[in-house]
Amino acid sequence: MSHPFDLTGHVAIVTGGNTGIGQGMALALAEAGCAVASVARRPSDETVAAVTDAGGRAISIQADLTTTEPVERVLDEATAGLGQPDILVNNAGIIRRADAVDFSEQDWDDVMNVNLKVLFFLSQAFARRRIAAGGGGKIINTASMLSFQGGIRVPSYTASKSGVAGITKLMANEWAKHGLNANAIAPGYFATDNTQALQDDPVRSAEILGRIPAGRWGRPSDIGGATVFLASAASDYVNGVILPVDGGWQAR
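Going by the working numbering, the first residue of the sequence shown is number 749, and it counts up by one from there.
Spelled out as structure tokens, the structure:
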């Protein structure tokens, strides 16, 4: 009997897999035996090299996920390079900061397009292919602490991540009958490019660290266990869950 966390023979697409949290997710999946297609605007050379150096299989797919235009191409290239994907990790995301009274329509649309619109339509295209193939598969969306809270100076990010939580539950409701599991991981405050402004602000950084029981910013490697769990057979009866990985932020 194979181990329930063994992903040998599986193929995952990880959007935003070239850096940060997405790279941590991609590497963890590969270490569990999964082949990985890393999708990002820039080449995922570092991620692919790390996977292949460890004996795994990985490819880089370049795509601008600000629009739905590359959705079918992403799935086609992953299938051609590695076999039909049965795991989709929707991690690509952007953030824009400004006071709510000054926030621009462009910043609203840019964030919502990447974080929510393309996430849904890539999931839809993935689900259609999985259903046509007989069903089964895993969708893992990247939510946020701002799926639960309001945040400050990030109106479109808060709206998008609240939307991710809701749409994850809808996917679970509609697609569970096809053997598709849809869940989300809600990272806490991780040391990534998206939080660089907060890390560089001594006041905000101190406020954030003061609330995290673990006493530190999260590292990309901290996300790996939750990702492998939700991608594997170990989570076959887990559906519609928003799983915080936050160092205890919400418990404080």
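Ideal Cβ positions, reconstructed from N, Cα and C, are used throughout, including at glycine.
Helix, strand or coil at Asn863 [DSSP, three-state]:
In the sequence shown, residue 863 corresponds to position 115, counting from 1. DSSP places Asn863 in helix when its eight states are reduced to three.
Taking only the alpha-carbon atoms, compute the straight-line gap between Tyr905 and Asp855 and give it to the nearest angstrom.
In the sequence shown, counting from the first residue as 1, residue 905 sits at position 157. In the sequence shown, counting from the first residue as 1, residue 855 sits at position 107. Looking at the backbone, the Cα of Tyr905 and that of Asp855 are separated by about 10 Å.
Between Val837, Gly963, Ile900, Ser953, which has its C-alpha nearest Val866's C-alpha?
Here residue 866 corresponds to residue number 118 of the sequence shown, with the count starting at 1. Comparing Cα-Cα distances from Val866 to each of Val837, Gly963, Ile900, Ser953, the minimum goes to Val837.
Buried or exposed: Ser750, going by 16 or more other Cβ atoms within 10 Å of its Cβ?
In the sequence shown, counting from the first residue as 1, residue 750 sits at position 2. Exposed.
On the DSSP bridge list, what partners appear for Gly966?
Numbered from its first residue, the sequence shown carries residue 966 at position 218. Note: Gly966 sits in a beta bridge opposite Phe938.
Is it right to say Val880 is buried, meaning 16 or more other beta carbons lie within 10 angstroms of its own, or is it exposed?
On the sequence shown, residue 880 is found 132 positions in, with the first residue counted as 1. A small correction: the amino acid at residue 880 is Ala; Val does not occupy that position in the sequence shown. Exposed: under 16 other Cβ atoms inside 10 Å.
Are three or more beta carbon pairs between the region 770-787 and the region 845-861 nearer than 8 Å?
no
Under the assumption that Ala982 contacts Pro752 (Cβ atoms under 8 Å), give the Cβ distance between them as a whole number of angstroms.
Locating residue 982 in the sequence shown gives position 234, where the first residue counts as 1. Locating residue 752 in the sequence shown gives position 4, where the first residue counts as 1. Right, their Cβ atoms sit about 4 Å apart.
If you draw a straight line from the alpha carbon of Val986 to that of Leu928, how long is it in whole angstroms?
Your numbering for residue 986 matches position 238 in the sequence shown. Your numbering for residue 928 matches position 180 in the sequence shown. Straight across, the Cα-Cα distance linking Val986 with Leu928 is about 10 Å.
When the distance is taken between beta carbons, is Arg844 closer than 9 Å to Leu813?
Position 65 of the sequence shown, counted from the start, is the residue given in the question as residue 813. Position 96 of the sequence shown, counted from the start, is the residue given in the question as residue 844. No. Outside cutoff.
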